[in-house]
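Residue numbers (UniProt numbering), protein chains in the order written: chain W, 1 to 292; chain U, 1 to 315; chain C, 1 to 283. In this text, a Cβ means the ideal position worked out from N, Cα and C, and glycines have one as well. Structure, as structure tokens:
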Amino acid sequence: MSGIDEKNNLKRIRGRVILNNVLKGLFFVSTTIGLIFLALLLYRILTQGIGYLNSDFITSFPAPYPEEAGIFAGLIGSIMMIAIVAPVAITLGVGTAIFLEEYAYKNRWTKFIQINIQNLAGVPSIVYGLLGLTFFVYMLRLGYTLLAGGLTMALLVLPVIVVAAQEAIRSVPSDIKEASYGMGASKWQTIRRVILPAAIPGILTGTILALSRAIGETAPLIIVGAATALYTLPDSLLSKYTVMPIQIFNWTGRPQEEWQFVAAAGILVLLIVLLFMNAVAVFIRNKFQKRY
Amino acid sequence: MGKALQNEAMNIDVQTMIENKRKKKSVSGKLEKLIPAFLFLCAAVSVLTTAGILFTLLRESITFFSTTSIVDFYTGTQWSPWTGHFGVLPLITGTLLITLIAAIVAIPLGLMSAIFLSEYASDRTRKIIKPTLEVLAGIPTVVYGFFALTFVTPLLKNIVPGLGIFNALSAGIVVGIMIIPMIASLSEDAMNSVPNSLREGALALGATRLEVAMKVVLPAAFSGIVASIVLAVSRAIGETMIVVIAAGASPTLTFDPTRSIQTLTAFIVQGATGDTTFGSTIYYSIYAVGATLFVFTLLMNMLSQYISRKFKEEY
Amino acid sequence: MNTLLKQKKVDNKTSVKPDIKENNQTKSEAAMDKNVFEVNNLNLWYGNDQALYEINMNVPQNKVTAIIGPSGCGKSTYLKTLNRMVEMVPIVKTSGSIQYNGEDIFSDKHSVEGLRTKVGMVFQKPNPFPKSIYDNIAYGPRIHGVKKKAVLDQIVEKSLRDAAIWDEVKDRLDENAFGLSGGQQQRVCIARALAIEPDVILMDEPTSALDPISTLKVEELVQELKKKYSIIIVTHNMQQAARISDKTAFFLNGELIEFADTDHLFSNPTDKRTEDYISGRFG
Ligand SMILES: Nc1ncnc2c1ncn2[C@@H]1O[C@H](COP(=O)(O)OP(=O)(O)O)[C@@H](O)[C@H]1O
Ligand SMILES: [Mg+2]
């Protein structure tokens, strides 16, 4: 009656529903491809590396034979690197975030800094390597040292920390800020005693994720001259150093198959460290889940 | 005043205490005045970083172009620095080839994942799958490179005869997988911010979920999706370790994915690790390549930001 | 004049409790013509939009002054001008003068922090810090330099008692203030404001987010507090204004239409618009 052909229409509806279901399946399969890849990767590296992963591997320096090689220098190097990156990047990053969110007037300059930070986050890591090479290694004459590598990495993760800290600070409800100002607290007192404590879970979570990025980065450190084989631990900021990804890269490049297993074992150590850091981040997030 | 002090023990007069403290506190008060200056300096570091990057790349590139013609550099088809050939086209095509393969892998898979997560998956499913997918983005690229070289390439050899040990195909695919979460996650965010009322309107008219997704959600979230893709492509262009490890180091002007190639990034690594001496032409060429790479990615990032800014204004 | 006032205040504060009644009497007599705030020709703009027009108003000491008016008429804006919280909105411009105890609050001589130490504020929505109840109350004294635990303990107890919530929370001072009910949170917020013993307490619709029983408690509390503090309370509830205030100001579209003794204003408004409003004809 209404001009719609009932019979044909039913057919069409069935067709549309079938198409919907077929594509739903396709979408689901597509989603799983990434997950399958992840599972394959983890499984494969686990089976390859587990045989070489023992306490000797963790406590040994590099060696010419696969059985004797270890990741000690890289593990300690990575930890020392983080010990430089964390204080530098957190101070600068949280400082920048506080400045942008609480002090800066919302004018063109602030917007410029903001866009600049966004763009920095998109600069390929290897370009940071070039910056570090010119600025830290040559101009400041730091050479191929732990300090040069650490500072380069600090700049690399800085935008990530700034953005995370900004978001955390922004999500602090304004009514508790007002409460603080209303009691005669100064700006800095309000920041230190109200805003930062409330924002700290978010800041920490973002920072840990940024630091885990620093732990996994390879390319910029190749450029600023991390050593591929190191037989002593760095004993000062101006020592030579290596980190886990560099050692893994080095092992990956060797033709004999055994070195692949060594590389896989190295990857396992790296992934375990990353897993640990992420677990801490998740723990912090859950523990401090805010109640507003 | 004396009376106030006397009474302090039993009956506290907070305002008097505050008044006294206020007088004493002037030192810390002065220190507090320095805080904004310090915070400003922190913020200045990121601006200086950008300036440093621009300055570094520009200065060394200019030195490079004083000995090598910029025209020859951008039109030359042979990249062989150790024999004095500085034609960057092979590195650019190498980069484009990897990016193309990665895009072919990542855009459909990423988008379909986003549609699934945003339009079909239950809240619970989404809460499990999305973070798991994001784990992919957290895996160090050296690990991907290792996996591409030792697993994906041998696997592909069974399917693609004549595939080299080092080849663009395997590296490109793995780069693609790496950027899936970026597209999936950001696109899903964009789709999620499409108001539910739009969906309900279409569903109430008898549309299927598919039709809602395609005809309502995708168009509404279009710019957000495009921005995420552009950003992901920019990541692919700048990706280094996967291509260094799995794509080889043979700068070749080719679009044959089975062959070994070299990307802009991979050359920078090669140039910096070889026995390149400070101040040599090769040393400066690294920066010219770096500058080229930087311009590519910067343009992509700005494009992405431009698109997503427009997107924000829509709502 | 000014020094005299301050001297008087110190004496009030230091005198011990038993005096309060008598003290109060003398005060209320003396306070008849004593104003905490004298507002003259106050205009305020948010950017280009004027929100307050030529306000002239003397706020009496140790009284409850209610501000009523339809929503959007500028009540909150006016209240926040008194402790300069309104300046948190960067586009705000003001003209005119506000004297607090005879001194210009906008003058460079005095810091906003100093002003807000004397002029406390309680907000519409309870807004405790995400800290323990104890730390919430101790916040003010601490930022102003009080560090001794014993002193803080005393202040916390006294403030909570004054805010009539001590008995409810004394066993859970270390718990997060978020765990309290809305009404309790609001009284903790009042206690927090009391902890630095201000002269004036500004309250912006303090009961609008509360249930009737909590509202009643806060209203009783306000009655109690006016013995020691001057209170300015914004309310959209005319019965509340009539119940608890000594004087009432009626605002409309950014103008102060009428300001009079509460009894007088509600029974015998002089302005037609006041009459319309209190008889429920608009708002
Ligand atoms: N932060 C602000 N920015 C711009 N205009 C504002 C702001 N706050 C309030 N206003 C405007 O000022 C007027 C008075 O608002 P307000 O003081 O909140 O009224 P009330 O508390 O009486 O409901 C309103 O027109 C409101 O839109
Ligand atoms: Mg209001």
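Which listed residue (the options) has its alpha carbon closest to that of residue i
i: Ile13 of chain W; options: U:Ser170, U:Leu163, U:Ala207; result: U:Ala207
i: Pro126 of chain C; options: C:Gln99, C:Gly47, C:Gly179, C:Glu275; result: C:Gly179
i: Glu217 of chain W; options: U:Glu32, U:Ile229, U:Ala220, U:Ile242; result: U:Ile242
i: Asn20 of chain W; options: U:Leu169, U:Thr150, U:Leu203, U:Ala227; result: U:Leu203
i: Pro234 of chain W; options: W:Phe61, W:Tyr65, W:Ile50, W:Arg16; result: W:Phe61
i: Tyr53 of chain C; options: C:Asp135, C:Ile257, C:Leu265, C:Gly182; result: C:Ile257
i: Leu221 of chain W; options: W:Leu130, W:Ala69, W:Gln256; result: W:Leu130
i: Glu197 of chain C; options: C:Met121, C:Ala177, C:Val112, C:Leu42; result: C:Met121
i: Leu237 of chain W; options: W:Ser55, W:Arg16, W:Gly25, W:Thr145; result: W:Thr145
i: Ser285 of chain U; options: U:Ser228, U:Thr49, U:Thr63; result: U:Thr63
i: Phe249 of chain W; options: U:Met214, U:Ile35, U:Tyr144; result: U:Tyr144
i: Ile307 of chain U; options: U:Tyr287, U:Leu231, U:Phe294; result: U:Leu231
i: Gly145 of chain C; options: W:Ser171, W:Leu133, W:Ala154, W:Gln189; result: W:Gln189
i: Gly47 of chain C; options: C:Thr77, C:Lys93, C:Leu265, C:Ser71; result: C:Lys93
i: residue 301 of chain W; options: W:Val224, W:Arg16, W:Ile126, W:Ile82; result: Because chain W is modelled from 1 through 292, residue 301 of chain W falls outside the range shown and cannot be assessed.
i: Leu42 of chain W; options: U:Ile139, U:Thr68, U:Gly84; result: U:Ile139
i: Cys189 of chain C; options: C:Ile213, C:Leu221, C:Asp171; result: C:Leu221
Distance, residue j Cα to residue i Cα
i: Asn80 of chain U; j: Ala39 of chain W; result: The amino acid at residue 80 of chain U is misidentified as Asn; the sequence shows Ser. For Ser80 of chain U and Ala39 of chain W, the distance between alpha carbons rounds to 40 angstroms.
i: Ile18 of chain W; j: Ile129 of chain U; result: 25 angstroms
i: Thr263 of chain U; j: Gly94 of chain U; result: 5 angstroms
i: Lys13 of chain C; j: Arg309 of chain U; result: Any reading at Lys13 of chain C needs caution, since the residue's pLDDT is 37, under 50, leaving its predicted position unreliable; the model's value is listed next. For Lys13 of chain C and Arg309 of chain U, the distance between alpha carbons rounds to 57 angstroms.
i: Lys118 of chain C; j: Asp175 of chain W; result: 20 angstroms
i: Val64 of chain C; j: Arg187 of chain C; result: 17 angstroms
i: Val137 of chain W; j: Phe267 of chain U; result: 20 angstroms
i: Asn268 of chain C; j: Ile165 of chain C; result: 37 angstroms
i: Ser239 of chain W; j: Tyr231 of chain W; result: 12 angstroms
i: Leu299 of chain U; j: Val289 of chain U; result: 16 angstroms
i: Lys106 of chain W; j: Ile98 of chain W; result: 13 angstroms
i: Glu22 of chain C; j: Thr16 of chain U; result: Any reading at Glu22 of chain C needs caution, since the residue's pLDDT is 39, under 50, leaving its predicted position unreliable; the model's value is listed next. Going by the C-alpha atoms only, they are around 23 angstroms apart.
i: Gln184 of chain C; j: Gly114 of chain C; result: 28 angstroms
i: Leu53 of chain W; j: Gly274 of chain U; result: 31 angstroms
i: Ile45 of chain W; j: Thr150 of chain U; result: 10 angstroms
i: Ile177 of chain U; j: Val163 of chain W; result: 25 angstroms
i: Ala163 of chain C; j: Ala191 of chain C; result: 5 angstroms
i: Val169 of chain C; j: Asn119 of chain W; result: 51 angstroms
Within 7 angstroms, strictly: CB atoms of residue i and residue j
i: Leu253 of chain U; j: Pro90 of chain U; result: yes
i: Met191 of chain U; j: Val217 of chain U; result: yes
i: Lys75 of chain C; j: Ile67 of chain C; result: yes
i: Asn301 of chain U; j: Gly122 of chain W; result: yes
i: Thr270 of chain C; j: Ser245 of chain C; result: no
i: Thr297 of chain U; j: Pro87 of chain W; result: no
i: Val174 of chain U; j: Val152 of chain U; result: yes
i: Asn116 of chain W; j: Val47 of chain U; result: yes
i: Glu19 of chain U; j: Leu117 of chain U; result: no
i: Ile113 of chain W; j: Ala43 of chain U; result: yes
i: Ala171 of chain U; j: Ala106 of chain U; result: no
i: Thr77 of chain U; j: Asn167 of chain U; result: no
i: Ile137 of chain C; j: Ser159 of chain C; result: yes
i: Val127 of chain W; j: Phe294 of chain U; result: yes
i: Gly49 of chain W; j: Ala229 of chain W; result: no
i: residue 309 of chain W; j: Ile284 of chain W; result: As shown, chain W starts at 1 and ends at 292. That puts residue 309 of chain W outside it, with no answer to give.
i: Ile90 of chain W; j: Thr207 of chain W; result: yes
i: Gly74 of chain W; j: Val243 of chain W; result: yes
i: Ile180 of chain U; j: Gly110 of chain U; result: yes
Which residues DSSP lists as bridging residue i, in chain order
i: Glu103 of chain C; result: C:Tyr100
i: Ile233 of chain C; result: C:Ala66, C:Met203
i: Val120 of chain C; result: The sequence as given places Gly at residue 120 of chain C; Val does not occur at that position. For Gly120 of chain C, which the question treats as bridged, DSSP gives the partners C:Ile201.
i: Asp5 of chain W; result: Looking at the DSSP assignment, Asp5 of chain W forms no beta bridge with any residue, so it has no partner.
Contact test: residue i Cβ vs ligand 4 heavy atom, cutoff 6 angstroms
i: Ser71 of chain C; result: As far as ligands go, the structure on display features ligand 1 and ligand 2 and does not contain ligand 4.
Inspect the CB distances between the region 208-216 of chain U and the region 233-248 of chain U and report whether three or more fall short of 8 angstroms.
-> As far as the Cβ criterion goes, the region 208-216 of chain U does not touch the region 233-248 of chain U, which means the pair count is below three.
Given 8 angstroms as the limit, is there contact between the region 88-97 of chain C and the region 150-162 of chain C, that is, 3 or more CB pairs closer than that?
-> no
Meets three-Cβ-pair contact criterion under 8 angstroms: the region 179-186 of chain W and the region 125-140 of chain C | yes
Report yes or no: do three or more beta-carbon pairs, one from the region 132-150 of chain W and one from the region 164-171 of chain W, lie closer than 8 angstroms?
-> no
Within the chosen definition, does the region 271-285 of chain W reach the region 252-262 of chain W through at least 3 CB pairs nearer than 8 angstroms?
-> no
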